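One structure is given here, and the rest of the page talks about it.
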Amino acid sequence: MKKELIWLLMFSLLISACSGKIRPEGSKSVKRYTIGFGSCGKQTKDQPILNVVVGNSPDVFIYLGDNIYGDTRDMEELQRKYDQLAAKPEFQRLKNTTPILATWDDHDFGENDAGRYYPFKEASKEIFLNFWNEPKNSERWKHAGVYHELRLKEAPIDIQVILLDTRTFRDNLTERVKEKKTIYKNDYQPTLSPDSTFLGAEQWAWLKMKLEEKADLRIIASSNQFSHEYNGWESWNNVPHERKKMLQLIQETKANGVIFLSGDVHWGELSKYENEYTYPIYDLTSSGLTQSWDKIEPNKNRIGFPIRKNNFGLIEIETQKRTKLTFKLKNKRDLIVVEHSIYLSELDFKSVD
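Residue numbering for the sequence shown is 1 to 353, as defined by our numbering.
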């Protein structure tokens, strides 16, 4: 009798354990995928915030530019500065635990606020691609600039990542004539020349082709801000006809699910750009990993408050009946300082028809 009771108990436990693994037909468990990102990390400074990034276990991390501060025309010096970043234990830990994607901004491109006329852009590109271990069969080696597109195959939905190059092809910006001294930077004003370009014809043609492809979520990584109010910093606002062109291209290709990630400005914020061409365009700005800026310009498109201190960004994608996106900025103490959630269905032309 005792043996029968023991076998009955074991059988009950086995059935209980198995039933926990069997889901009713048609049900779906919540699946989460996390994209981390950041910008503006000076190689001469400690970067403990990268340890916090690793602690959040992102499925991928995107460097948005100013990944080092090169600021030189000496390519040996530029290489040495990359080597300084490579030697940091916190960077090594991130690299050894997390897939990394990268584009560049002005300081790792070569010079502050530089564009198409920087004379060492090809040599800088080679150092950049080698540092980030770009496969030798990658299209990035074959065309000018470092723009690139890829799919996050482990994600529960089809995620397209578009890494823009906002340096190689960009014309010089129009310097702002300052009538009086202000506390804000305000270095540039919108250009009036319709021929001035931000991305260049080659990159625009490539982008159109990529936006015509199917995807559930499209993450456009732009080193410069897209959705904020004009503030005089380097941004898409300084070439307004190119910003309009981007919106019209999204409209023309019926590209649903577009969001922007940006860096550069040494503060963090979330902007929402309501416009006449598309659904609202969200732009989550994370800057910087080591750099900060006290004089934060007004931004009527900002959601919530900005963060002045060092920060990194997270996009959490949760799928169940509806796919939810949660935008987060965290500080070096792992505290959430910006958080906002939307449903992916809000980034759809059906929502604005």
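Ideal placement from N, C-alpha and C gives every residue a C-beta, glycine not left out. Nothing here was measured: the structure is a model prediction, and the numbers come from that model.
In the structure shown, residue 248 adopts helical secondary structure according to DSSP, grouped into three states.
In the three-state scheme derived from DSSP, where H, G and I count as helix and E and B as strand, residue 271 is classed as strand. For residue 89, there is no enclosing beta strand (DSSP E); the enclosing alpha helix (DSSP H) has its first and last residue at 89-97.
Here the alpha carbons of residue 267 and residue 335 stand approximately 16 Å from one another.
Between residue 264 and residue 227, the gap from beta carbon to beta carbon reaches 8 Å or more.
Assignment of residue 162 by DSSP, reduced to helix, strand and coil, places it in the strand class. Residue 207 and residue 113 have their C-alpha atoms some 23 Å from each other.
Going by C-alpha positions, residue 86 is about 10 Å away from residue 79. The continuous beta strand (DSSP E) containing residue 258 extends over residues 258-262. Collapsing the DSSP output to three states places residue 151 in a strand. With respect to the 8 Å criterion, residue 289 and residue 313 are not classified as neighbours on the basis of their beta carbons. Between residue 115 and residue 73, the C-beta spacing is not below 8 Å. A direct Cα-Cα distance of roughly 16 Å separates residue 215 from residue 221. Residue nearest to residue 239 within the set 276, 188, 47 and 261 is 188 (criterion: CA-CA distance). Under the three-state reduction of DSSP, residue 253 is assigned to helix. Listed in chain order, the non-local C-beta contacts of residue 230 below 6 Å within the same chain comprise 237, local neighbours out to five positions each way being set aside. Between residue 234 and residue 173, the C-beta gap is smaller than 8 Å, which places the two residues in contact. Under the DSSP assignment, residue 83 falls in the alpha helix (DSSP H) whose first and last residues are 75-86. The region 187-246 is shown to contain whole alpha helix (DSSP H) runs of 4 or more residues at 201-211, in chain order. Residue 254 and residue 351 have their C-alpha atoms spaced approximately 12 Å apart.
In this structure, the straight-line span from the alpha carbon of residue 262 to that of residue 224 is close to 5 Å. Distance from the Cα of residue 148 is smallest, within the candidate group 156, 70, 139 and 53, for 139. Looking at the backbone, the Cα of residue 125 and that of residue 48 are separated by about 27 Å. Where residue 55 is concerned, there is no enclosing beta strand (DSSP E), although the alpha helix (DSSP H) around it starts and stops at 49-55. Here the alpha carbon of residue 202 sits roughly 12 Å from the alpha carbon of residue 146. Per DSSP, the continuous alpha helix (DSSP H) segment holding residue 123 begins and ends at 121-131.
Taking 8 Å as the cut-off, the Cβ atoms of residue 279 and residue 348 count as close. Put simply, of 297, 249, 243 and 245 the residue whose alpha carbon is nearest the alpha carbon of residue 213 is 249. Taking the CA atoms as reference points, residue 333 sits about 27 Å from residue 259.
Distance from the Cα of residue 191 is smallest, within the candidate group 204, 185, 200 and 175, for 175.
Non-local beta-carbon contacts of residue 141 in its own chain, meaning distances under 8 Å to residues more than five positions away in sequence, involve 129 and 134 in chain order.
The beta carbon of residue 31 sits closer than 6 Å to those of 156 and 319, all from its chain and outside the five residues before and after it, given in chain order.
Annotation: residue 256 to residue 77 spans about 43 Å, alpha carbon to alpha carbon.
With contacts defined by Cβ atoms closer than 8 Å, residue 151 and residue 159 form a contacting pair. With a contact defined as Cβ atoms closer than 8 Å, residue 60 and residue 99 qualify at about 5 Å.
Check the Cα spacing between residue 105 and each of 137, 165, 97 and 83: the tightest is with 165.
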